[in-house]
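Residue numbers (the working numbering): 199 to 458.
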């Protein structure tokens, strides 16, 4: 029975008073009930914790303490997770509709599937009805990571046991540890994935790795380092492939008319 599968959603936040309520509400509104939502707060000094504590204890598990960055906080969430399936929803993000987690669970009803991912839209932080960028993913095939391809991490769900078997986020990658982890899981360890070909997550523009040109350059350097660490050769056009891919997400957005 798919409703026996417990889903843990981990939200990492720091001074997220403007958006954290939307994130939590999007989890609570899911029509699948067997959900554990863990909020890992990095000792916020604004009203983030006050807002999170407004939600019932049975809806949100709160941990608040200093951390060594976003991926350290995510690792804390993984260590606390009791679900069969684990996913991450950032404090600026929200699900596309109330059926997202049910759809994820349906995918994992196939016992051979170990991870799944889907599409994501970036929206204007001041007007979430304005789509700025459409991150269209694709079915995985060998060689994609060597070209800088990666699924959108907030859409990435895995079976909990993979973290025990393959490890969690590598903190030597302060900006691109999500890339390294998905590379390690999918390309190196041949985890069987399923691609859901539509949008499941909306992300407000302005993530950690996209806040400045300096961070974008640093992220690309880390991504190449992650590929080399895992023994995968990069393609000749590695950087140009990444630039073209991102520009395409802005310029040639697939039609997306869903109301939200």
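The C-beta atom is built at its ideal place from N, Cα and C for all residues, glycine as well.
Secondary structure of residue i, DSSP reduced to three states
| i | result |
| --- | --- |
| residue 317 | strand |
| residue 352 | helix |
| residue 377 | helix |
| residue 324 | coil |
| residue 458 | Because the pLDDT of residue 458 is 40, which lies under 50, any placement of that residue in the model is unreliable, and the question is left without a value. |
| residue 332 | strand |
| residue 230 | coil |
| residue 368 | coil |
| residue 238 | strand |
| residue 361 | helix |
| residue 212 | coil |
| residue 407 | Any answer about residue 407 is weak, because its pLDDT of 45 lies below 50 and its placement is not dependable; what the coordinates show is given next. Residue 407: helix per DSSP, three-state reduction. |
| residue 206 | strand |
| residue 218 | helix |
| residue 388 | coil |
| residue 345 | helix |
| residue 431 | coil |
| residue 382 | helix |
Selected residue, minimal CA-CA separation from residue i, among the options
| i | options | result |
| --- | --- | --- |
| residue 350 | 344, 401, 306 | 401 |
| residue 383 | 358, 398, 397, 395 | 358 |
| residue 300 | 287, 398, 377, 223 | 398 |
| residue 331 | 268, 283, 403, 202 | 403 |
| residue 325 | 422, 217, 295 | 217 |
| residue 280 | 346, 293, 202 | 202 |
| residue 343 | 285, 214, 377 | 377 |
| residue 242 | 223, 211, 236, 356 | 211 |
| residue 525 | 364, 431, 236, 329 | This structure leaves residue 525 out entirely; the chain is present only between 199 and 458. |
| residue 259 | 295, 394, 250, 214 | 250 |
| residue 427 | 395, 386, 360, 348 | 386 |
| residue 459 | 305, 252, 213, 396 | Look at the range of the chain in this structure, 199 to 458, and you will see that residue 459 is not part of it. |
| residue 352 | 360, 429, 298, 345 | 298 |
| residue 261 | 253, 239, 269, 244 | 239 |
| residue 282 | 317, 362, 224, 256 | 362 |
Element boundaries [alpha helix (DSSP H), containing residue i]
| i | result |
| --- | --- |
| residue 398 | Not the alpha helix (DSSP H): residue 398 falls in the beta strand (DSSP E), residues 391-402. |
| residue 277 | 268-278 |
| residue 421 | 411-427 |
| residue 305 | 298-306 |
| residue 310 | Careful: residue 310 lies outside any alpha helix (DSSP H) and carries neither H nor E. |
| residue 246 | 246-250 |
Range of the contiguous beta strand (DSSP E) that encloses residue i
| i | result |
| --- | --- |
| residue 286 | 283-286 |
| residue 260 | 259-262 |
| residue 255 | Unbroken run through residue 255: none, as it is neither H nor E. |
| residue 292 | 291-293 |
Min CB distance residue i to chain D below 8 Å
| i | result |
| --- | --- |
| residue 210 | In summary, chain D is missing from the structure at hand, where a single protein chain is found. |
I'd like to know if the region 361-374 and the region 413-420 are in contact, where contact means that at least 3 CB-CB pairs between them fall below 8 Å.
yes
Contact the region 332-348 vs the region 303-313: 3+ CB pairs below 8 Å:
no
Take every Cβ of the region 227-244, pair it with every Cβ of the region 204-218, and state whether three or more of those distances are shorter than 8 Å.
yes
Any contact of the region 269-278 with the region 319-329, i.e. 3+ C-beta pairs under 8 Å?
no
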